[in-house]
Structure formats: structure tokens, C-alpha cells
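All remarks here apply to the structure that follows.
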Amino acid sequence: MANFRVYHLHGLGSSCEGTKAGEVKRLTENLGGEFNCITLDYLRKGAYPWEVLETLKGWVKTDKPFLLIGSSMGAYTWLDFLVNSPEVLSNPNLKRVILITPPTTLFDNLQKWNPLYGKEKIFLLYGGEYIEDYKTFIRLMHWDIKHANGRLLTLAHPKVVSVVAKKDTVVDNTPVYKLKEVAKSLNLYELDDDHTLHNRLDELMGILRGEIEKSLQ
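Each number in the working numbering comes from the position in the sequence shown (counting from 1) with 51 added on.
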């Protein structure tokens, strides 16, 4: 019987069959753990943040030591989950939260959404099918902004470890670096690669192995 569980969330456009998920599965099982992964079609009907939250609440079991690992959008989703489920973060069975290239907000530059906002407003004139899309977009924006500070501050929790890519052009690392200036205890690893970390996969797995082993001692 496995002595710990790992719950893994993949990134946007990926799945439980992705490269990182496969490596995390192999590592988890090599260390005697039980690997769990759920495929999510992020930001689409049935998998908006507020819907995913309910899915995760029914998925994560806390009766034995467990770790949460997320990549990119999966990392964002775990942060969302922990902000809205503080009892999970304080649960002694939660040993580590490992976030790979974590975004703390989807709307890091609201100005770039202005053209989309204008287009969606025009769409409202052409039929009810667009109204729901527009309402969902606005709800997503409000959700993202509402929990942005909570997600960022969660990175500074002692159980949370972040791995960022120095050459990331997908996720803006500025909020993490600014947090590091005031939260000296922030558990932060930097890898010299782009957002995918495909060129540093061995180093990434080394970090994960070290953190898993340390957390279970």
C-alpha cells in the first residue's frame, strides 16, 4: 500500500498523458507513492475556476500524507483551491505544494483585454448565444482579480515550493520576485529555461524528488 499520495494538475492544453505528468507519475511510484491526475479542459464550460474548485474538493483525499503538484495552469488552480479551502493548507497531512511555473493571475495586463472586451460588447447585439460567453468572461475576470492577492501570498507559505523559468515568456515572474524581496523564507527554485522547462526536465525532477523526500521525513 502506498504511504503517500500525489495529486497532479497539468497545464493548459496538456493532459495526464503529458511529459511532466508522466515524469511525476514515475517519480511518485518509484518513491512508493500513489499518483493521481485528473484531466481538465481549463477555462471552458464545466472547467471554469469556480467549477474546478468543486471537482477538486471531491477528488483530494486527506486521510494520509499527500502532496499537491501543479504545472502552469495547474499551479494556478492549486493556488485557487488553497485560497478557497484554507483547511487543506493547514491539514497536517498536507506535506508539500509544489508549483511549477505558477501564474498568480490570468489577467496580468488588463489593457491587453480591451480589444476583446470591445468585441464581446458588439457580440451582444447579435444574439443570446454570446450573452452567456460575455457574462462568463466578466465573471472570470472578477474571480481572477478577487483572489489574486491570496494566490500570491499563498506562495510564501512554508509548505509551498515554487519553480520558475528564468526565460519564461508565458508567465510574468515579477510578482514572485517582488514577493521574494519581502518574504525571505519564500521557497523558490529558478531554472534557466523557457516556460516548458523541457530542457531542464532532469533538474526539475531532481527538485521534486528532493522536496518529496524531505517532506515525508
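Where is the CB? At the ideal position from N, CA and C, for every residue including glycine.
From the DSSP output, read off the bridge partner residues of residue i.
| i | result |
| --- | --- |
| Glu241 | Val215 |
| Arg56 | Glu85 and Phe117 |
How is residue i classed by DSSP in three states: helix, strand or coil?
| i | result |
| --- | --- |
| His249 | helix |
| Asn165 | Reliability of the predicted coordinates at Asn165 is poor, the pLDDT of 42 falling under 50, and the value obtained from them is presented with this limitation in mind. Residue state, collapsed to three classes: helix. |
| Glu264 | helix |
| Tyr228 | helix |
| Leu78 | helix |
| Leu157 | coil |
| Val233 | helix |
| Tyr185 | helix |
| His61 | coil |
| Leu150 | strand |
| Met256 | helix |
| Gly69 | coil |
| Ala199 | helix |
| His193 | helix |
| Leu204 | helix |
| Leu94 | coil |
Compute the beta-carbon to beta-carbon distance between residue i and residue j, rounded to the nearest angstrom, for a pair I have assumed lies under 8 Å.
| i | j | result |
| --- | --- | --- |
| Ala216 | Thr128 | The Cβ separation is near 18 Å, so there is no contact. |
| Leu133 | Tyr58 | About 12 Å separates the two Cβ atoms, so there is no contact after all. |
| Leu242 | Arg251 | 4 Å |
| Asp245 | Thr205 | Not a contact, Cβ separation roughly 25 Å. |
| Leu237 | Ala207 | 5 Å |
Closest to residue i by C-alpha separation, out of the options, would be which residue?
| i | options | result |
| --- | --- | --- |
| Ser122 | Ser266, Leu267, Leu248 and Arg260 | Leu248 |
| Asp92 | Gly64, Leu118, Phe117 and Leu191 | Gly64 |
| Glu262 | Ala98, Asn87, Ile149 and Val227 | Ile149 |
| Trp101 | Arg56, Pro143, Leu206 and Leu130 | Leu130 |
| Lys115 | Gly125, Ile196 and Lys146 | Lys146 |
| Ser66 | Cys88, Ala234, Leu230 and Leu78 | Cys88 |
| Thr113 | Asn135, Pro143 and Ala207 | Pro143 |
| Val139 | Phe117, Phe158 and Trp194 | Phe117 |
| Gly257 | Arg56, Val75, His61 and Glu68 | Val75 |
In chain order, each beta strand (DSSP E) run of at least 3 residues that lies wholly inside the region 96-147: 117-122
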